[in-house]
Each structure stands twice: as C-alpha cells, then as structure tokens.
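Peer 1:
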Amino acid sequence: MTTILEQGNISIHTENIFPIIKKWLYSDHEIFLRELVSNAIDAIQKLNMVSRSGEFSGEVGELEVVITIDKPNKTLSISDTGIGMTADEVKKYINQVAFSSAEEFVEKYKASGDQQIIGHFGLGFYSSFMVAKQVEIDTLSYKEGAQAVHWSCDGSTEFSISDSPRTTRGTTVKLTLQDEELEYLEPYRIRQLVKTYCDFLPFPIKLEVLAAEGEEMTAPEQINRQKAPWKESPSNLTKEDYLEFYRYLYPYQEDPLLWVHLNTDYPFVVNGILYFPKLKPDVDVSKGQIKLFCNQVFVSDNCEEVVPRFLLPLQGVIDSVDIPLNVSRSFLQNDRTVRRIADY
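Going by my numbering, the letters in the sequence shown line up with residues 387 to 730, in that order.
(1) Among I609, A534, A605 and E530, which one has its Cα closest to the Cα of L587?
(2) Return helix, strand or coil for Y661, following the three-state DSSP convention.
(3) Closest by CA to F442, which one among Y528, G470 and A429?
(4) According to DSSP, is A534 helix, strand or coil?
(5) Relative to the C-alpha of I427, which residue among P405, S437 and S465 is closest?
(6) Can you give me the C-alpha to C-alpha distance between R695 and P606, rounded to a whole angstrom?
(7) Below 9 Å between beta carbons: does that hold for V452 and I591?
(8) What did DSSP end up calling T582 once you bin it into helix, strand or coil?
(9) Applying the 10 Å Cβ sphere with the 16-neighbour rule, what's the burial state of E450?
(10) Can you tell me which of Y652, V517, W537 and H647 puts its alpha carbon nearest to the alpha carbon of I462?
(11) By Cβ distance, which residues of its chain are closer than 8 Å to Q564, with the 5 residues on each side in sequence left out?
(12) What's the call for G505, buried or exposed, on a 16-neighbour Cβ count within 10 Å?
(13) Which runs of the beta strand (DSSP E) spanning at least 3 residues fall entirely within the segment 623–661, listed in chain order?
(14) Please name the residue or residues paired with I464 in a DSSP beta bridge.
(15) Decide yes or no for the touch test of the segment 639–658 against the segment 550–564: beta carbon pairs closer than 8 Å, at least 3 of them.
(16) First and last residue of the beta strand (DSSP E) that includes S546?
(17) Which residue wins for smallest C-alpha separation from S542, given the options E530, V521, L596 and A532?
(18) Note down, in chain order, each residue of its chain lying with its Cβ closer than 6 Å to the Cβ of D540, except the 5 sequence neighbours on either side.
(19) Is V436 helix, strand or coil when you go by DSSP?
(20) For a test of your reading of the model: does the CB of R438 fall under 8 Å from any non-hydrogen atom of the ligand GDP? Yes or no.
(21) Determine the direct distance from the alpha carbon of F589 to that of E569, and round the result to whole angstroms.
(22) Please report the Cβ distance between V707 and G658, rounded to the nearest whole angstrom; I am assuming they are in contact, meaning their Cβ atoms lie under 8 Å.
(23) Note down the Cα distance separating Q482 from S546, rounded to an integer number of angstroms.
(24) With a threshold of 7 Å on Cβ separation, who are the neighbours of P573 within its own chain once the five nearest residues in sequence on each side are excluded?
(25) For V423, which residues of its own chain have a beta-carbon under 8 Å away from its beta-carbon, when the five flanking residues on both sides are left out?
(26) Find the nearest neighbour of D705 within the set E630, E618, G447 and S550, judged by alpha-carbon distance.
(27) Does the beta-carbon of G470 have 16 or more other beta-carbons within 10 angstroms, so that it is buried, or is it exposed?
(28) Would you decide whether Q533 is buried or exposed? Buried here means 16 or more other CB atoms lie within 10 Å of its CB.
(29) Which term fits Y628, buried or exposed, when burial requires 16 or more other beta carbons within 10 angstroms of its beta carbon?
(30) Starting from the Cα of Q701, find the closest Cα among N681, F631, Q682 and S538 and give me that residue.
(31) With distances taken from CA atoms, which of W645, E640, Q578 and Y512 is nearest T624?
(32) Which word fits M603, buried or exposed, when buried means at least 16 other C-beta atoms lie within 10 angstroms of its C-beta?
(33) Less than 9 Å between the beta carbons of S514 and V535, yes or no?
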C-alpha cells in the first residue's frame, strides 16, 4: 500500500500565467474581435432568456451590437444592448480568469432548452489584451436599481473598478490599441473580420466610424448578414434561397448540381447545408471547402475530421454545438463525438 506523504493544492501565480493567456492562447490576433462580438451576442441572448422567464419585465428595446472606430483616440469599442453586469458580476466574471458566465448561465436556464449561448471557457475577453494596451468596460445591469460600473486594466494583473456615468442597459468594451495593431481601426478590416467570423450571428452587428474634427458623422451601418439559412426549416426555404446562399459563399463558381439540408438533434445536434458542386479538373478536391461553425460562429474551413475523405469535394456549412473545440475555439478536439459525426 502506497503511503501518502503530503497533499495540497497547486498554486498558480497570475503574474506568470497572464502573459501566456494574452499572447499565446490564440493563434491569430484578429480572433479578439470574434470573441468580443460573441460575448456581446451572448449578453443579448441572456437578456432574451431572462425576459422570457419573467425575471425581466422592462422594455427590451433594440437588440444589437455596435462596433465603434475612433481613429483620433486609437480606440475600438464593442457595445451591446444585452443583459449588462453589476459590480459583483464584473468581479466574478471579469476578474476571475476562466470563470465562464456562459457556463453558469446555461446551467441555470438549461430547462428552457435554449442552447444559443456561445461562450464556455471564460477566456475570450482576455484576447483583447493581444491588441490593446488598455481595456475599459462600462456596463449597466438589467436588474432594477443596478448601478453602472466602470472597469479598467492596462494589461497587468491590476485593475480598477469605479462608478460609471452610463445610463443605458448593456455593456461597452473599449480597447485602446497598441501602435502595432492600428489596422483594426480601418473599417474594411472590421467588415472583413465580421464577415469571416460573425456574419450569421442572429442579431444586427453595426459599424460606426466616429468623424474626425471637421468631418460629417454617418449613421451606424449593419455589416453582418444575420440570417443563417441552415438554421431554418427546409420547408421554409425555396430553391432560389439555397442557390442564393451558395452564390454568397462561393461567388465565382457555377451553381451546384444539388444540395442536402442537414437537421438532426439526436444523437448529436448538427445543422447544415451541403452542396454537390460541378467539379472541374483543376480543382483540388483533397482540401475540404466545407465551413465549420459552432453556434453560428465560424471556426474553421478545415473539416477533414468531421467529413469523410470521399465527401471532401462537397461545399457548404456544418454547424454543431456538440463539436468539441480547444480553448481558443480555433481547432477541433479529436474525440468520440467528432468521429460519430463523421460516421453519421
């Protein structure tokens, strides 16, 4: 019998682990926008859920995400009209690394059957420090009598919390960008990233560019498509709907021969539309052209683990909340669920 000489808890020094989270958790710096927009969409989904449950009886209003570019001040802001946070919630979900508000929220409302919350790991917010030298949050909770909160951090392990002048429900995350990351103040770059990662999220994502001194202000413009055809019932879609979606995904290709609409919830949840394209001799069919999504957020266009090799010439979209991703949500974890989906 083995004698246990000592037991204890492993200690982690935040000043050592925080730089690793900021710099090496994600393979590409651009992922920060996907993470912050996903968090904003989650906040709106949560508001919908508490409203349906009767916990919130106030005016829901316009539900949207607004990305604001302020070039003179080198700031990029992501604002939502979602559930907001109290001071205690900011301390719990922002100050505690890897404590996921999404996981806790889904557990509380799992009886509703709504599985539209995107976040799971409690780390996405910290991707903002890959591109920002200062991150600020202004938030006001939906809860009656809540006080607005301002949170600020310069990328170290120290933060400050104070009162905020905010008067509207929701959250704004403002990034003061590092000098080498100013590309994210270009409107075309934000449009490109939203189209890549967040195009099919279910609420409007708008872009607002603050006018420099002497310039005329323009109204925020919606930059995401919003509607995800694969989430629709096939009976609600026409032939032209399927063809229009294909042309949107693959604008320089001939119309497909036929397509299959996937819609299954057992033994795993999978939605998608797979197209059978007209193959040409110069097309490399060894590389898949199927786009992988998780809860309408783009993950990868490399689906060899999910799609059998002989189906790689297919094109289209597969979306599943059951696909296991690594912490950065950039790659699949190769486990039993992935193999079962591939077999299916």
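Glycine included, each C-beta is placed from N, C-alpha and C at the ideal position. These figures come from a predicted structure and were not determined experimentally.
Peer 2: To lay it out plainly:
(1) Nearest C-alpha to L587: I609.
(2) Reduced to three states, the DSSP call for Y661 is strand.
(3) Ranking Y528, G470 and A429 by Cα distance to F442 puts Y528 first.
(4) When DSSP states are grouped into helix, strand and coil, A534 belongs to the coil group.
(5) When C-alpha distances from I427 are compared across P405, S437 and S465, the shortest belongs to S465.
(6) Whole-angstrom Cα-Cα distance: 44 Å.
(7) With respect to I591, V452 sits close: the two C-beta atoms are nearer than 9 Å.
(8) In the structure shown, T582 sits in a helix (DSSP, three-state: H, G or I).
(9) By the neighbour-count definition (other C-beta atoms within 10 Å, threshold 16), E450 is a buried residue.
(10) One point to set straight first is that residue 462 is Leu, not Ile, in the sequence displayed. The alpha carbon of L462 has as its nearest neighbour, out of Y652, V517, W537 and H647, the alpha carbon of V517.
(11) Excluding sequence neighbours, Q564 sits near V517, A518 and K519.
(12) The predicted model places G505 with a pLDDT of 47, which falls under 50 and marks its position as unreliable; any figure quoted below should be read in that light. Around the beta carbon of G505, 16 or more other beta carbons lie within 10 angstroms, which makes this residue buried.
(13) With a minimum length of 3 residues, the continuous beta strand (DSSP E) runs that stay inside the segment 623–661 are 644–650.
(14) Answer is I453 and V559, bridged to I464.
(15) Taking 8 Å as the limit for Cβ pairs, the verdict is that the segment 550–564 does not touch the segment 639–658.
(16) That run of the beta strand (DSSP E) goes F545 to D549.
(17) Comparing Cα-Cα distances from S542 to each of E530, V521, L596 and A532, the minimum goes to V521.
(18) The residues are Q520.
(19) Assignment of V436 by DSSP, reduced to helix, strand and coil, places it in the helix class.
(20) For the ligand GDP, the structure offers nothing, since it holds no ligand at all.
(21) Their backbone Cα atoms lie some 25 Å apart in a straight line.
(22) Actually they are not in contact, since the Cβ atoms of V707 and G658 sit about 12 Å apart, beyond 8 Å.
(23) Looking at the two C-alpha atoms, the distance is approximately 14 Å.
(24) Here P573 has I455, L593 and V595 as same chain residues with Cβ atoms under 7 Å from its own Cβ, once five neighbours each way along the sequence are excluded.
(25) Contacts found: V451, I453, I464, V580, Y583, C584, L587 and I591.
(26) Taking the Cα of D705 as reference, the smallest distance to any Cα among E630, E618, G447 and S550 is reached at E618.
(27) Looking at its Cβ environment, which holds 16 or more other Cβ atoms inside 10 Å, G470 is buried.
(28) An exposed status is given to Q533, since fewer than 16 other beta-carbon atoms sit within 10 Å of its beta-carbon.
(29) A buried status is given to Y628, since no fewer than 16 other beta-carbon atoms sit within 10 Å of its beta-carbon.
(30) The option with the nearest alpha carbon to Q701 is F631.
(31) Selection W645, E640, Q578 and Y512 evaluated against T624 yields W645 as nearest (Cα-Cα).
(32) If you draw a 10 Å sphere on the C-beta of M603, you find fewer than 16 other C-beta atoms in it, and that means exposed.
(33) In this structure, V535 does not lie closer than 9 Å to S514 by Cβ.
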